Amino acid sequence: AQSVTQLGSHVSVSEGALVLLRCNYSSSVPPYLFWYVQYPNQGLQLLLKYTSAATLVKGINGFEAEFKKSETSFHLTKPSAHMSDAAEYFCAVRADTGRRALTFGSGTRLQVQP
Amino acid sequence: DAGVTQSPTHLIKTRGQHVTLRCSPISGHKSVSWYQQVLGQGPQFIFQYYEKEERGRGNFPDRFSARQFPNYSSELNVNALLLGDSALYLCASSLDDSSSGNTIYFGEGSWLTVV
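Structural data, given as structure tokens:
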């Protein structure tokens, strides 16, 4: 079974500041990990994914995430926040065997202050 | 190319009624999944279909059913609607079922309100 915990349901940063959104996972098999972003009243857009090729994954819009097996973490970062980054962010895990459904965390709402 | 398309975008139903939600995957994608997202929560897996066969089912009651058609489009049906079924229903597609590393693309969703 897989699970995801996102620490902090709300994160507020100033424009230009570092963005750090935390995600810890639990998986009995090697996981595939994803970050999705959801803008108000829209569906989910993939930011980046970890598929075991490289531990540091670069995504769209300047986001990146690092897979740390020893810490079972996959935190999302961006060096400098933009107003347009304000949205809901979801971390998700998917097993490589068995049922391949995505298991999502509860989400983190990012606010960017001017 | 069109992304995942869903219809209707919004609908209001009364308790006890039935609803059908429709989804067309990205062209060439053969796997379709459905997720329910209740306000303030992450999406929850309902069903996955691949090549018209059910490949996975989440922890939802039998009132929820789905199917996939030969053109890979899909329907989600919910019977005997409850107030708690009010949610955003997301359809997602991926190329196939060969790898969990395949990207899953989501549609804009269907907003269901049960009154």
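In order, the protein sequence lines correspond to chains A and B.
For reference, each letter of the first sequence is one residue, going 18 to 131 in my numbering.
For reference, each letter of the second sequence is one residue, going 13 to 127 in my numbering.
Glycine included, C-beta positions come from ideal geometry on N, C-alpha and C.
As the structure is a prediction and not an experimental result, all values here were calculated from the model.
T125 (chain B) does not reach chain A, its nearest Cβ partner there being about 14 Å away, counting only Cβ pairs nearer than 9 Å. Judged by DSSP in its simplified three-state form, S101 (chain A) adopts helix.
Within its own chain, the residues whose Cβ lies closer than 8 Å to the Cβ of Q128 (chain A), once the five positions on either side in sequence are excluded, are H27, V28, S29, V30, A103, listed in chain order.
About 4 Å separates the Cβ atoms of Y47 (chain B) and L102 (chain B), confirming a contact at the 8 Å cut-off. Under the three-state reduction of DSSP output, N78 (chain A) falls in the helix class.
For L88 (chain B), the secondary structure class from DSSP, reduced to helix, strand or coil, is strand. Of the candidates A:N58, A:T72, A:A71, A:N58 places its Cα closest to the Cα of A99 (chain B). Under the three-state reduction of DSSP output, L119 (chain A) falls in the coil class, being neither helix nor strand. Identification of chain B residues near S123 (chain A) by a Cβ-Cβ cut-off of 7 Å yields Q53, G54, ordered along the chain.
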